[in-house]
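To keep things clear, I will list the structure first and then write my remarks on it.
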Amino acid sequence: MPMLLLSRKSVPTPNDFTEVQHALHGREFRAEELPFPEKRLKEYVNAGYVSVRHGIIPLNENIFDLLTGKKKWLCVRCGNREQESFAVCSCARCGSKCVYCRHCLTMGIVRACTKLVTWCGPVPELRLPEDVLIGRPLCHWKGSLSSDQQKAAEALLQALEARESFLIWAVAGAGKTEIIYSALEQQLKKGHRVVLATPRTDVVRELLPRIRAAFPDIPVSGLYAGSKETIPDAPLVISTAHQLIRSANRFDCVFIDEVDAFPYHFDAMLDYAVRKAAKPNAPFIFLTATPPDILKNAYLSGKLRGVMLARRYHGYPLPVPRFQWIGNGAHAACKGWLPYPLSLWLRERITQKRQAFIFVPSIALVHELTELLQRSGYTRIAGVHADDPHRHEKLADFREGRLAALVTTTILERGVTVPGVEVAVFGADDRVFDDRALVQISGRVGRSGDCPRGDVVFFHNGKTLAMIRARRQIEQMNRAGGFK
Ligand SMILES: [Zn+2]
Ligand SMILES: [Zn+2]
């Protein structure tokens, strides 16, 4: 056993060990951003506690690649394998032409000569605040679950006891977040590190205060671009999938909210980031109102454990969208002409003191329509889109009732709950509105028990298959929930 002797000899001193272990665990560093000199790592690498990998490695996907000798690349940090996203630079460090990844460039350059450092030794114990006694209840949420939610929560607990993955297929407004509270508590009590990943910054910002209120004694970290709410090695992390690119081998249990949401659904790299952040064999819990086919089929064929919740927690059916022809509304709006049906709809909402979301297919149209509405005498109207620096303030104004209507792109299609809101989709026949997006948008309406009904209208210039499918799915879920 010469290998074993060697590793025993090279095990580092205890003090140094704890420091390095805590500094490295769960994260992936580029060697140049390590919090201490790289040479201190040598004995840890020899002992097998630290792995060092090249940032970019050759990728030969098939025999043809080998035969032609054409080089393809894989970025080990972000999983990028789109060859257009690689470029070559003259590298000052290695002194040669060096391939680098453009996809994750905003997080610091990863070159072929970059070393990626991760901890793979013993997992450090969580450092919890002193007043947290693991025997005490951790969840302080005072609400109660409906019987459907209760059953789902119990099935989830059982699956996690068996370390198995689980699907929560729940209509918008079924109260998905409350269902997972007991599972979060169970995992935290076991001393596990847990992440709740979601595709969107808005959803992280919406979930963070709710989860913090439910688990007041537990440090909860919020990770999104520009976040100031990061807590190192927090046991509970709410993160955009994108921010997990810096994590590795960290979480014992991974919840993925809105698993089908753009861009998650389409972006293999975010999928890579989430899987890399998880420990091997960590169970995944998927939460969604509109599961992608691969999950739906796995669940229906019994390969994936899960539950389906077809009823909202307050017991009312989902609002069914109605279709209204409006002609080429986008064209009209760009010409400075406000389509009458939209104006009428908005005026009715204002008279009835109901707030409204108006979804539009493009950022340009957000600007055009917002300006046009303001010029036509509507006050308390604002427009938001993903690149809007004031989007969080505007959304806060809307939540607090200072705005009557918000013109928005699909960024607000999910995760955002405003009681009593009603919804119009302006240009619902546009390609950006696929059936999933339209189901999610319709799901914004009637979510609160005080206001369980409301209008959803798709203004269109010709019905699309997506519109028809979306309406059919909503009607099917209502039937599954026992409504006619
Ligand atoms: Zn990359
Ligand atoms: Zn280089």
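In the UniProt record's numbering, the protein residues as written are 1 to 484.
Glycine included, C-beta positions come from ideal geometry on N, C-alpha and C.
None of these values were measured; they are calculated from a predicted model.
Express the C-alpha separation of residue j and residue i in angstroms, rounding to a whole number.
i, j, result
"Glu82", "Val117", "23 Å"
"Leu465", "Gly173", "25 Å"
"Ile474", "Val423", "15 Å"
"Pro137", "Gly446", "33 Å"
"Ala152", "Gln21", "38 Å"
"Leu4", "Lys296", "With a pLDDT of 41 at Leu4, under the threshold of 50, the modelled position of this residue cannot be trusted; read the value that follows with caution. Each residue's Cα considered, the two are about 47 Å apart."
"Leu188", "Phe398", "35 Å"
"Ala87", "His367", "36 Å"
"Arg212", "Gly454", "30 Å"
"Arg205", "Thr68", "49 Å"
"Arg210", "Ser144", "15 Å"
"Arg354", "Arg347", "10 Å"
"Thr351", "Ala386", "30 Å"
"His192", "Lys228", "24 Å"
"Tyr316", "Lys190", "37 Å"
"Leu438", "Ala480", "19 Å"
"Val457", "Trp345", "9 Å"
"Ser7", "Tyr49", "A caution first: Ser7 carries a pLDDT of 44, below 50, which makes its placement in the model unreliable, though a value can still be read off. C-alpha separation (whole angstroms): 10 Å."
"Asn478", "Arg431", "26 Å"
"Ala155", "Lys142", "21 Å"
"Leu157", "Met308", "15 Å"
"Lys9", "Ala273", "Because Lys9 carries a pLDDT of 46, less than 50, the predicted location of this residue cannot be relied on, and no value is offered for it."
"Ala364", "Arg349", "24 Å"
"Asp16", "Tyr44", "10 Å"
"Arg111", "Gly175", "44 Å"
For residue i, collect the residues of the same chain with a Cβ closer than 7 Å to its Cβ; drop the 5 residues on either side in sequence, then sort them by chain order.
i, result
"Arg127", "Asp233"
"Asp107", "Here residue 107 turns out to be Met, not Asp, going by the sequence shown. Within the same chain, Met107 has close Cβ partners Ile245 and Arg246."
"Arg93", "Cys113"
"Tyr264", "Because Tyr264 sits at a pLDDT of 49, beneath the cut-off of 50, its placement in the model cannot be relied upon, and the point is left open."
"Asn281", "Arg163"
Excluding five sequence neighbours on each side, which residues of the same chain lie with their C-beta closer than 6 Å to the C-beta of residue i?
i, result
"Ala278", "Phe251 and Val254"
"Lys394", "Ala382 and Val384"
"Cys120", "Ser51"
"Ala268", "none"
"Asp429", "His460, Asn461, Gly462 and Thr464"
"Ser448", "Pro419"
"Pro339", "Ile326, Gly329 and Ala332"
"Cys78", "His103, Cys104, Ile245 and Met269"
"Ile285", "Phe166 and Phe255"
"Leu372", "Ala333 and Leu338"
"Phe36", "none"
"Arg469", "Asp435"
From the DSSP output, read off the bridge partner residues of residue i.
i, result
"Arg305", "Phe166"
"Phe359", "Thr408 and Val425"
"Pro58", "Trp73"
"residue 486", "There is simply no residue 486 to check, as the chain begins at 1 and stops at 484 in what is shown."
"Leu287", "Ile168 and Asp257"
"Leu223", "Ser239"
"Gly383", "Val407"
"Glu28", "Thr118"
"Val99", "Val88"
"Arg436", "In DSSP, Arg436 forms no bridge with anything."
"Thr198", "Thr240"
"Phe251", "Ala278"
"Ser448", "Cys451"
"Arg53", "Leu116"
"Arg111", "Tyr100"
Under the assumption that residue i contacts residue j (Cβ atoms under 8 Å), give the Cβ distance between them as a whole number of angstroms.
i, j, result
"Ile56", "Cys89", "So it is not a contact: roughly 12 Å between Cβ atoms."
"Ala183", "Leu160", "6 Å"
"Arg231", "Leu208", "Note that residue 231 is Ile in the sequence shown, not Arg. Incorrect: roughly 11 Å between the Cβ atoms, too far for contact."
"Pro319", "Ser221", "At roughly 36 Å, the Cβ-Cβ gap does not stay under 8 Å, so Pro319 and Ser221 are not in contact."
"Val115", "Ala31", "Per the sequence shown, residue 115 should be read as Lys rather than Val. With a Cβ gap of about 4 Å, Lys115 and Ala31 count as contacting."
"Trp169", "Gly302", "Their Cβ separation, rounded to whole angstroms, is 14 Å, which puts Trp169 and Gly302 out of contact at 8 Å."
Between the beta-carbon of residue i and the beta-carbon of residue j, is there less than 9 Å?
i, j, result
"Arg471", "Pro291", "no"
"Ile180", "Leu196", "yes"
"Val421", "Phe433", "no"
"Glu258", "Leu300", "no"
"Thr409", "Ser362", "yes"
"Cys75", "Ser85", "yes"
"Glu178", "Phe215", "no"
"Ala298", "Val171", "no"
"Leu59", "Lys39", "no"
"Gln440", "Tyr313", "no"
"Arg311", "Gly427", "no"
"Glu28", "Ala225", "no"
Between residue i and the rest of its own chain, which residues show a CB-CB distance below 8 Å, the 5 nearest in sequence each way excluded?
i, result
"Leu412", "Asp202, Phe357, Phe359, Val384, Leu395, Leu406 and Arg444"
"Pro2", "Reliability fails at Pro2, whose pLDDT of 40 lies under 50, so the model's placement of it is uncertain and the value that follows must be treated cautiously. Counting only Cβ-Cβ distances below 8 Å, and skipping sequence neighbours, we find nothing."
"Leu41", "Val20, Leu34, Val50, Val52 and Val117"
At a cut-off of 8 Å, would you count residue i as near ligand 4, judging by its Cβ distance to the nearest heavy atom?
i, result
"Ser96", "Of the ligands one can find in the structure shown, namely ligand 1 and ligand 2, none is ligand 4."
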